[in-house]
Amino acid sequence: MFEMATPKLFSFACVAASLLAVSTPAMAEINTVKVKYADLDLSTAKGQDRFKVRVKQAVRQVCADPRATTISERIDQINCEKDSMARAMPKAERQIASYVANRRVALSQ
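Quick note on numbering: the sequence shown equals residues -28 to -1, 1 to 81 in mature numbering (1 follows the signal peptide of the UniProt record, and there is no 0).
Okay, here's the thing in structure tokens:
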């Protein structure tokens, strides 16, 4: 058995412009979401896929606006999801790569 000193949470920031009634991006609210993965084996395809699903779910949750009733508000929500995914997925990929590398090192010792 081995132990790894890896974080149990993955964090990323989402610009949730759709949550605010402002039109300037500089005024957009920044939300940080933590996605748990301690129960996943990120060295497997199944674990990686599940982690990515959790990231997508977190993005949808952060960008969700139950008050979005107009087409414009819905477009803002969709843009929030697209922008957040574009920021989160590269970070998720780096987290997976780090996990796999750390696991290889731990197994080789």
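Note that beta-carbon positions come from the ideal geometry of N, C-alpha and C, so glycine has one too.
First through last residue of the alpha helix (DSSP H) which encompasses residue i
i	result
R66	I43 to S80
R26	A17 to C35
Rounded separation between residue i and residue j - CA only
i	j	result
C52	N3	11 angstroms
S80	A10	21 angstroms
V34	N74	30 angstroms
residue 84	K54	The first residue shown for the chain is -28 and the last is 81, placing residue 84 beyond what the model contains.
Residue i and residue j closer than 8 angstroms at C-beta
i	j	result
V5	A30	yes
Local conformation of residue i per DSSP, three classes
i	result
A(-8)	Summary for A(-8): the model assigns pLDDT 39, below 50, so the residue's position carries little reliability; its value from the coordinates is reported in the next sentence. A(-8) falls in the coil class under three-state DSSP.
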